[in-house]
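Report on the following structure.
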Amino acid sequence: MKPQRIGLILYLVGVAVMIGDVVYGRQIQDQVTMLGIAGIQARDGDAGGLKLLAFAFLFPFGVAASLLGAALFAGTARTPIGRLGGLALFVVLVPILAPGVFGTAHSPDYFGYGGLLILALVAASVWHWGRYRMRLNDAKREAADWQGLGYLAFALAAWNLCGFGGMPSFAVYPQKMIELNAIPFAVGQLKAVMALFILGWVFTVLGLRRAAQATP
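Position one of the sequence shown corresponds to residue 5 (the numbering used here), numbered consecutively onward.
Take a look at the structure:
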């Protein structure tokens, strides 16, 4: 079977898995809301744990599968695909690896240094984006502009998530959030994060679509 056909099948399977996981999440939403994670595990034992684990990781695995499928559309060589697959698997497993390595207790240092690292990476991304943009023709520069707006939206989403978890929404300090009546602000901030993520992906799609059109 040709790599292009394999890629198309893998892409469609990944999309189907993502959609299925969203539907599955809506089916278990009421149970999780009533019992919580610990309650479901106490009631259902290992089956409950597998149920939650499936919900947590089917969507990321679907995204990774669709990414690898799209990478095969052009018949990419095996070695880069293997490298991409390994990195994709690492990213998918981050929700397990990060708590396992850094623990589940609240850690101001983890979030503080992580925020500084994000700041440095945002600054580096903008710098290299500007240098990259200078070397493009007009058609490809338009694609880079859309992608740059996507980067901006993702950076602002990260900034607002920081404020949602810590000051001023205090989502990781529920007692303080209630004491300061910060719940309405926290909900509004989380809605802003959702809007920024949507805009970020819209701009990213527009940029990639324009880049694909501009590439001979």
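Glycine is no exception: its CB is placed at the ideal position from the N, C-alpha and C atoms.
| query | result |
| --- | --- |
| Where do the ends of the alpha helix (DSSP H) carrying Ser173 lie? | Premise fails: Ser173 is in no alpha helix (DSSP H) and is neither H nor E. |
| Terminal residues of the continuous alpha helix (DSSP H) containing Leu140? | Counting along the chain, Leu140 falls outside any alpha helix (DSSP H), and DSSP gives it neither H nor E. |
| Report the option in Phe189, Phe61, Gly116 whose CA atom is closest to the CA atom of Gly29. | Phe61 |
| Can you tell me which of Gly152, Lys144, Asp149, Gly89 puts its alpha carbon nearest to the alpha carbon of Ala215? | Lys144 |
| Count the CB pairs spanning the segment 41-50 and the segment 85-95 that are closer than 8 Å, and state whether there are at least three. | no |
| Could you name the residues of the same chain whose beta carbon sits closer than 6 Å to that of Leu153, not counting the 5 residues immediately before and after it, in chain order? | Phe207 |
| Please report the straight-line C-alpha distance between Trp131 and Leu125, rounded to a whole angstrom. | 10 Å |
| Measuring alpha carbon to alpha carbon, tell me which residue in Pro7, Leu200, Ala175 is nearest Pro188. | Ala175 |
| By alpha-carbon positions, which one of Phe59, Gly86, Ala102, Gly134 ends up nearest to Ile23? | Phe59 |
| Suppose contacts are defined by Cβ-Cβ distances below 8 Å. Is Val27 in contact with Phe65 by that definition? | no |
| My assumption, with CB atoms under 8 Å, is that Val226 sits in contact with Gly18. Please give the rounded CB distance. | Because the chain here runs from 5 to 220, residue 226 falls outside it and cannot be looked at. |
| Just tell me which of Asn141, Phe168, Ala128, Gly104 has its CA closest to the CA of Leu156. | Ala128 |
| Which value, in whole angstroms, describes the spacing of the CA atoms of Leu14 and Leu39? | 36 Å |
| Give me the Cα-Cα distance between Pro112 and Ile100, rounded to the nearest whole angstrom. | 20 Å |
| Indicate whether Gln35 and Ile44 have their beta-carbon atoms separated by less than 8 Å. | yes |
| Is it the case that the Cβ atoms of Phe158 and Val197 are separated by a distance below 8 Å? | no |
| Using CA atoms only, rank isn't needed, just tell me which of Ser173, Pro7, Lys195 is closest to Glu183. | Ser173 |
| Buried or exposed: where does Leu165 fall if 16 or more other Cβ atoms within 10 Å of its Cβ makes it buried? | buried |
| Here's the rule: buried if 16 or more other CB atoms are within 10 angstroms of the residue's CB, otherwise exposed. What is Gln151? | buried |
| Which of the three DSSP states, helix, strand or coil, is assigned to Thr108? | coil |
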